[in-house]
Amino acid sequence: MLLDSIRTQLDALSKSERKVALAVLENPAKIVDQNITALARTAQVSEPTVVRFCRTLGYDGWHEFKLKLAQGLALALPGLNEQPAQDDLAADLINKICSRSINTLLDLRNNLRPEAIQKALDILSKSNKIEFYGQGTSGIVAADAQHKFFRSGVPTVAYADPAIHSIAAALMREGDAVVAISQRGNSPALVRSVKLARRGGAEVIVLAPSGTPLADLATVLIPIDLIFNIDPYTPISARLAYLVVIDVLAVGLALQRGPEFRKKMQNAQKALQEFDLQFDSFIG
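Numbering of the sequence shown is given in UniProt numbering, commencing with residue 1 and proceeding in unit increments.
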C-alpha cells in the first residue's frame with residue numbers, strides 16, 4: 001500500500017519530492033538496500049528533500065519510511081501485479097485473485113495508523129448517532145457498516161443515495177458523527193454532504209485516499225491509498241480493505257463501550273439465534 005500511496009499522491013508533491021517518488025517507484029527493492037545519500041543522488045535532489053518527501057507521506061523521516069517500504073516488499077506475495085488473462089485456468093484465477101486480496105490486506109495491516117483509528121473510536125463512542133455515507137461500491141460498504149454498527153446501541157443508518165444523504169447531512173448536529181466512505185475521494189455529491197454535516201457541527205470520519213477533496217474535509221482521516229487504474233478487477237480487492245477497516249472500528253467500539261455493553265450484544269445475538277430456530281421449526 002505504501003507504493004500505491006506514493007502513486008496516489010504524485011500530483012500533490014512538489015517538483016523535487018516527485019523526483020524522489022519516481023525513483024522509489026522505479027525500483028523499490030533497490031531503494032531498500034540504499035542509504036539516504038544514494039537515493040538523493042539517484043533522484044538528483046538533496047538529502048533534506050528526501051526527508052521532506054518521507055514526512056509528506058506521513059513518516060517521521062527516512063528510517064521509518066525505509067522500514068515500511070521493506071516490510072511491504074517482504075510481505076508481498078507473488079502475483080500482485082499479474083492481471084487475470086483470457087486464457088487463465090481456474091487454478092490461475094485462484095492464485096491471482098487470492099494473492100491480490102491477501103497483498104491488499106497485508107499492506108493495510110502494515111500501513112494503517114493506530115492513532116487515526118483511536119481518534120475515530122473516540123468520536124464514535126461519544127456520538128449521539130452515526131451515519132454512513134457512500135455511493136456505488138462504497139455504498140455497499142456503508143450498508144455493511146450499518147449492519148455491524150447498529151448493535152452498538154447508538155442510532156445508526158447508511159445512505160447510498162446522494163439526494164438522501166444530502167438531506168440527512170443537513171440535519172446533523174454537534175454530537176453526531178458521519179463516516180464518509182469513498183474509494184476515489186472526489187465525488188461532488190459526497191463532498192457536498194460532508195460539508196453540510198460539518199456545517200451543522202458533526203464530526204466526520206473519512207475512509208478515502210489521501211490528498212483527495214473528501215480527505216481534506218475530515219475531522220479524522222483513515223487513509224486507504226490504493227490504485228484503481230491497473231485493471232477492472234482492482235476495486236474488488238480495494239473493497240476488502242474498506243470492509244476490514246469497518247470491522248476494526250466496529251470491534252473497537254464494542255470493546256471501548258465496556259463489558260456491560262458486550263453483554264447486551266450477546267443477548268441480541270442469542271435472541272437472533274432463537275428466532276432462527278423458531279423460523280426453521282415453522283418451515284419444517
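Note that beta-carbon positions come from the ideal geometry of N, C-alpha and C, so glycine has one too.
Determine the closest residue to Thr104 out of Asn267, Leu243 and Ala250, with distance taken between C-alpha atoms. The residue given as residue 104 occupies position 104 in the sequence shown. Taking only the C-alpha atoms, the option nearest Thr104 is Leu243.
Compute the Euclidean distance between the alpha carbons of Lys66 and Arg113, then round it to the nearest angstrom. If you number the sequence shown from 1, residue 66 lands on position 66. If you number the sequence shown from 1, residue 113 lands on position 113. If you take the alpha carbons of Lys66 and Arg113, they lie about 16 Å apart.
So, using beta-carbon positions, are Glu17 and Phe53 closer together than 7 Å? Your numbering for residue 17 matches position 17 in the sequence shown. Your numbering for residue 53 matches position 53 in the sequence shown. Less than 7 Å divides the Cβ of Glu17 from the Cβ of Phe53.
Classification of Lys15 by the beta-carbon crowding that lies within 10 angstroms, buried from 16 upward: The residue you call residue 15 lines up with position 15 of the sequence shown. Lys15 is exposed by the Cβ-count criterion.
On the CB-based measure, 16 or more other CB atoms within 10 Å of its CB, does Arg184 come out buried or exposed? For the purposes of this step, residue 184 is taken as the residue at position 184 of the sequence shown. Buried, since its Cβ has 16 or more Cβ neighbours within 10 Å.
Find the nearest neighbour of Ile31 within the set Arg55, Leu3, Leu57 and Gly153, judged by alpha-carbon distance. Here the question's residue 31 lines up with position 31 in the sequence shown. Looking at the Cα atoms, Leu3 is the closest of the given residues.
Within the same chain, show all residues whose beta-carbon is closer than 6 Å to that of Ser237, passing over the 5 residues directly before and after it, in chain order. Working through the sequence shown from its first residue, we reach residue 237 at position 237. These residues qualify, in order along the chain: Arg100, Ser101 and Thr104.
Closer than 7 Å to chain D by CB, Val32: This model lacks chain D altogether; it includes just one protein chain.
Just the Cα atoms here: how many angstroms apart are Phe150 and Asn110? Here the question's residue 150 lines up with position 150 in the sequence shown. Here the question's residue 110 lines up with position 110 in the sequence shown. Phe150 and Asn110: Cα-Cα distance of roughly 29 Å.
Identify, in the order they occur along the chain, each residue of the same chain with its Cβ nearer than 7 Å to the Cβ of residue 302, setting aside the five sequence neighbours on each side. Absent from the structure is residue 302, since the part of the chain shown begins at 1 and ends at 284.
Rounded C-alpha distance that separates Ser127 from Gly175: Mapped onto the sequence shown, residue 127 falls at position 127. Mapped onto the sequence shown, residue 175 falls at position 175. Approximately 5 Å between the Cα atoms of the pair.
Arg239, buried or exposed, once every other Cβ within 10 Å from all chains shown has been counted against 16: Along the sequence shown, read from residue 1 onward, the residue named residue 239 stands at position 239. Buried, by the Cβ-count rule.
Along the chain, which unbroken stretches of the beta strand (DSSP E) at least 3 residues long are found entirely within the stretch 130–199? 130–133, 156–159 and 177–181
Relative to the C-alpha of Ala202, which candidate in Gly211, Asn186 and Ala170 has its C-alpha closest? As a working note, residue 202 is residue 202 in the sequence shown. Of the listed residues, the one whose Cα sits closest to Ala202 is Ala170.
Who are the near neighbours of Gln71 in its chain, counting only those whose CB is closer than 6 Å to its CB and skipping five residues on each side? Here residue 71 corresponds to residue number 71 of the sequence shown, with the count starting at 1. These residues qualify, in order along the chain: Asn110.
Thinking Leu214 and Val206 are a contact (beta carbons under 8 Å), I'd like their distance in whole angstroms, please. Reading the sequence shown from its first residue, position 214 is the one you call residue 214. Reading the sequence shown from its first residue, position 206 is the one you call residue 206. So it is a contact: roughly 6 Å between Cβ atoms.
Measure the Cβ-Cβ separation of Val154 and Ile123 and say whether it is below 7 Å. Reading the sequence shown from its first residue, position 154 is the one you call residue 154. Reading the sequence shown from its first residue, position 123 is the one you call residue 123. Taking 7 Å as the Cβ cut-off, Val154 and Ile123 do not qualify as a contacting pair.
Three-state secondary structure (DSSP) of Ala202: One-based indexing of the sequence shown puts residue 202 at position 202. In the structure shown, Ala202 adopts coil according to DSSP, grouped into three states.
Return yes when the Cβ of Val204 is within less than 7 Å of the Cβ of Ala218, no when it is not. For this step, residue 218 is matched to residue 218 along the sequence shown. For this step, residue 204 is matched to residue 204 along the sequence shown. Yes, these two residues count as a Cβ contact at 7 Å.
Hey, quick one: how far does the alpha helix (DSSP H) through Ile224 stretch, first residue to last? Translated into positions along the sequence shown, residue 224 becomes position 224. Unbroken run through Ile224: none, as it is neither H nor E.
Would Val194 pass as a contact of Ala180 if the rule is Cβ separation under 7 Å? Counting from one through the sequence shown, the residue named residue 194 turns up at place 194. Counting from one through the sequence shown, the residue named residue 180 turns up at place 180. Against a cut-off of 7 Å, the Cβ pair of Ala180 and Val194 comes out as a contact.
Suppose contacts are defined by Cβ-Cβ distances below 7 Å. Is Ser5 in contact with Asp225 by that definition? As a first step, residue 5 must be located in the sequence shown, where it is residue number 5. As a first step, residue 225 must be located in the sequence shown, where it is residue number 225. Yes, these two residues count as a Cβ contact at 7 Å.
Do Lys19 and Ala43 have their C-beta atoms closer together than 7 Å? Here residue 19 is taken as the residue at index 19 of the sequence shown, counted from 1. Here residue 43 is taken as the residue at index 43 of the sequence shown, counted from 1. Yes, they are a contact pair.
Buried or exposed (CB count within 10 angstroms, at least 16 for buried), Pro270: Along the sequence shown, one-based indexing puts residue 270 at 270. First, the amino acid is wrong: residue 270 is Lys here, not Pro. Lys270 should be labelled exposed.
With a threshold of 7 Å on Cβ separation, who are the neighbours of His165 within its own chain once the five nearest residues in sequence on each side are excluded? For the purposes of this step, residue 165 is identified with residue 165 of the sequence shown, where counting begins at 1. Tyr133, Tyr159 and Ser193.
Simplified DSSP state of Leu73, which is helix, strand or coil: Translated into the one-based positions of the sequence shown, residue 73 becomes position 73. Reduced to three states, the DSSP call for Leu73 is helix.
Going by C-alpha to C-alpha distance, which of Val24, Lys148, Glu47 and Arg173 sits closest to residue 332? The requested residue 332 does not occur in the structure, where the chain is confined to residues 1 to 284.
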